[in-house]
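Residue numbers (the UniProt record's numbering), protein chains in the order written: chain A, 1 to 361; chain B, 1 to 361. We put the beta carbon where it would ideally sit given N, CA and C, even for glycine. One structure is given below, encoded as C-alpha cells.
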DNA sequence: GAGCGTTCTGAAAACGTTTAGATTCCCTCT
DNA sequence: AGAGGGAATCTAAACGTTTTCAGAACGCTC
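Here's what the structure looks like:
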C-alpha cells in the first residue's frame, strides 16, 4: 500500500482512451506520462523549468485521463484556498442580494468559488460566521460588518479582506459615494421647495448611516451658505428593514415634515406603506427619497425617487480589489488609501414632488 | 521542523486565556490537553470511545485556544467535502434569495459551508456552473434548474442532489404545493365573482409553471362540476421578472379579464406597475393574485394578494433532505418517492376585490 | 578530456486531519 | 496471583498535492 495505490484500477492494457473508474490523481498522470509527480505538478502549473516536450506529454496524459486536481489537497499544502467568502447581513435585503450577485459572478469568472454567509444583522452571529469561515477561506468580502474595528483588523491580518460599505485604516474597501448621494437627494428636495425635511436613519452602528448623516450635515451647511434655509429633523435610528419604516412614517407625520430622506430603500418601502395606510398621499402631501435603488423601487406605486447605488458593481469591484495583487496596505496610509468609491446618482421618480404649503393635521 | 512546529508561538507561560497568534492546529490542542492528536480528533467528533473526563478536557482546551479544524485537511482524508452547493437562477429574485437564506442558515447550522452560484436564468451558464461545482462539491441543491433531465440524472449519479421546484424520478426534491396554491387562488377569485380570469404564465421550460397550469385546469374543471362557469384566458408565457409583467398587463386589459393570476410575485409586481401606469385601478377594475409571497408583496400599494410559499423553509428542507441519510432513491419508485411537498396558503390582501360588472374600454 | 555551469527531473518532506491497528492500563474472574 | 478482557489511548499511515533540494544529463570552454 504505497502512494501509488490507485494504479491498478486506473490503468489497464486497454490504452489511453479508457476512462478510469475511480478518481484520477496526479500519480496516474505521472505514470501515464512516464514522469514523476513533481514534473506533472510543474507542467500543469505552467512552470518554466519544465521542457516543452515533457510538458506537452504531461498535458496530453492529463487530458486523456480526465485529470482534475484535488482542491483539498492543493489547498492543504499551499494554505491558500480557491474560494472567497462573502459575509452579508441579510440575504433577503435586495441590496445585498444584488451585491452578492455581482460578487458571485466575478468570483466564478475568475475560476474561484463563492462561499456565502448571512449573519442576520447580528453581531454574535457574525463573529461566529467569521470564525468558521476563517479556517477555510483566506479571502473575504465583508459587506457592512457589525464587527468591532479591532476584530476586523485581526481578521485582515491573517486573511485578505475587502470591506463593502465600511472603511478602516489599512483595509481595502468599496463603498458608494454616500455624501454625494445624500447631497444630490437633498438638492432635489430643496429644488422642490421643501424646507422641513426628516431623516430616517439606519442603525447607529452603521458606517453607511454615519457617512450619510455627515454628508447631510455638510450639504445643509452648504445650502445655508447659499442662503437657503432648511431644517433637518432627525427622526431617529431604525432597523434597516421595511418594519423600521413604519415607525419612521408616524414620526414624519407628527413632526410635520414635508419630505423624508430614508437611510435606504427598505426603510422607504415601509414608510410608503405606512403613509398610504394613514392616508397621507405621496408625493402630494409627503415626498419620500430612498437610497440604494433596489430592483423593486421603480415598480412601486408611486415609483420611488432614490439614490442609485451600483450594488452589483460594488460586489464585482470588491472581488477585483481582493484578487488584485494589491500589496498589503500600511495603516499609516490612512483610511482612504485603498478605498474605492463608486459614484452614485439620484434617480427621480414619482415619490417626490413640490412641497405643498405647510399643512395642519 | 517536526509536526509540532507551531508549538512555541502558541503557548507561553501566560496560561489558557492567551490567544494564539498563528493558526491553531489539532496538535496544539493535543499538547494543551495532554493527549494525542488522535484523541483530540475523536473527542471533538463525539466518538463514544473517549472517556468523558478526557473529552471535557479536550473540548476545553480547544475552546481556550480557539481551535477550528482545517477543512481542507479533513476533506482530504475523508474524501467527503463539507460544503454544499446551491445553484439558483437569479439571486436578485427575492424568492430565490429567501430560499438561499434558508438553505444557507441550515447548512451553517450543520457546520457546513454554503457555496452559491447564480446562473442568470441561462441554460448554458447553468451547465458551466454545474461542471465547475461538480469538482469540489459532492452535495448540491438545485433550485428550479433549466438543465435537461438526462444531465440532472447524470449529475445525481455522482453527487447527492436535491431539487427545488422540480421533480425527477429518483431524485429527492422539495416543492410547494403548486396545485393547491392555484386552487386556493382561483377559489378566492371565484368567490369574489370573477368569471373571466387571465393567467400570466412563467417560462415554458418551468416545471413550476407546468404544475400551476395543471392545477389551474383541475381547479377549473372542479368548478365547472359544481356548476360555476369560469373562463381562463391564457395570457402567455413571460420571463419571470417584473419586466414580463408589463406585457402581461397590456394583454390582460385587451383581453378584458377582471382578474389575473400571475405565475409569481415578480410578474405580479410588473403587472401592478403597468396597470397603474395605464390608469387601471387595482383592485376596483382589476384584481391581481401573485404567487410566492416575496417580502415586498405586503408592502406594495395595494398590498398583493398572493399564495404564500415558505421559501426559507424550502431551502432548509432541501438541506435536511440532502443531509439525511436517505438511501439513494430507486428510479422505479416513481417521481414522487422522495418528494417533499410543502403546504402553501393564500394570503388575501388588497389587490383583489369583488368583480365589477363587465366593463368596456 | 576534465571541469563547470545550465537545464531539467526526481525523491522526499510537508500541509492537518481521520482512522486502523497496536498498546497500555485497570478490572474481574478463577 | 495470574490470566483474560475491555476500555481508553497512542502510534503511524494515509489522503493528493506543492515545493525544496539534490542529482542527472548535457553542452560548453580550456
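- For residue 28 of chain B, no chain A residue has a Cβ inside 7 Å of its Cβ, as the nearest lies near 14 Å away.
- Listed along chain B, no residue sits closer than 8 Å to residue 130 of chain A by beta-carbon distance, the nearest being about 11 Å off.
- Contacts with chain A at 8 Å (Cβ-Cβ) do not include residue 354 of chain B.
- The Cβ atoms of residue 96 of chain B and residue 48 of chain B do not sit closer than 8 Å to each other.
- Across the set B:254, B:302, B:281 and B:182, the C-alpha of B:182 shows the shortest separation from the C-alpha of residue 344 of chain B.
- For residue 112 of chain A, the secondary structure class from DSSP, reduced to helix, strand or coil, is coil.
- Counting of Cβ neighbours within 10 angstroms places residue 157 of chain B among the exposed residues, the total staying below 16.
- When rounded, the separation of the alpha-carbon atoms in residue 292 of chain B and residue 307 of chain B is 6 Å.
- At least one CB of chain B lies nearer than 8 Å to the CB of residue 296 of chain A.
- Shortest Cα-Cα distance from residue 315 of chain A to any of A:87, A:43 and A:58 involves A:87.
- Within 10 angstroms of the beta-carbon of residue 85 of chain A lie 16 or more other beta-carbons, which makes it buried.
- Residue-level contact check: residue 116 of chain A touches chain B, since one or more beta carbons of chain B fall below 8 Å from its beta carbon.
- Listed in chain order, the positions of the region 262-295 of chain A with a beta carbon within less than 8 Å of a beta carbon of chain B are 269, 270, 272, 273, 276 and 295.
- In the displayed model, residue 354 of chain A falls within coil according to three-state DSSP, outside both helix and strand.
- Contact between the region 146-154 of chain B and the region 113-128 of chain B is established, with three or more Cβ pairs separated by less than 8 Å.
- In the DSSP assignment, residue 88 of chain B forms a beta bridge with B:118.
- Contact check between the region 54-62 of chain B and the region 28-35 of chain B: three or more CB pairs, one atom from each, fall below 8 Å, which counts as touching.
- Residue 284 of chain B carries a coil assignment under DSSP once its states are collapsed to helix, strand and coil.
- The Cβ of residue 73 of chain B sits closer than 8 Å to at least one Cβ of chain A.
- The three-state reading of DSSP puts residue 199 of chain B in strand, counting E and B together.
- Across the region 83-101 of chain B, CB contacts with chain A closer than 9 Å involve 83, 85, 86, 90, 91, 92, 93, 94, 96, 97, 98, 100 and 101, in sequence order along the chain.
- Straight across, the Cα-Cα distance linking residue 177 of chain A with residue 140 of chain B is about 38 Å.
- Below the 7 Å Cβ cutoff, chain B contributes 115 and 136 as neighbours of residue 113 of chain A, in chain order.
- Nearest to residue 339 of chain A by C-alpha distance, out of A:205, A:165 and A:256, is A:165.
- For residue 76 of chain A, the neighbours in chain B by C-beta distance under 9 Å run, in chain order, 70, 72, 73, 75 and 76.
- In this structure, the straight-line span from the alpha carbon of residue 83 of chain A to that of residue 191 of chain A is close to 48 Å.
- Under the three-state reduction of DSSP output, residue 324 of chain B falls in the coil class, being neither helix nor strand.
- Residue-level contact check: residue 104 of chain B touches chain A, since one or more beta carbons of chain A fall below 8 Å from its beta carbon.
- Sixteen is the threshold: when 16 or more other Cβ atoms of the shown chains lie within 10 Å of the Cβ of residue 160 of chain B, as they do, the residue is buried.
- Pairing residue 168 of chain B with residue 155 of chain B gives a Cβ-Cβ distance that is not under 8 Å.
- A distance below 8 Å separates the beta carbons of residue 252 of chain B and residue 198 of chain B.
- Judged by pairs of C-beta atoms under 8 Å, the region 270-289 of chain B touches the region 289-304 of chain A, as three or more such pairs exist.
- Chain A has a Cβ within less than 8 Å of the Cβ of residue 242 of chain B.
- Per DSSP, reduced to three states, the secondary structure at residue 77 of chain A is helical.
- The closest CA to that of residue 80 of chain B, considering only B:282, B:137, B:310 and B:101, is found on B:137.
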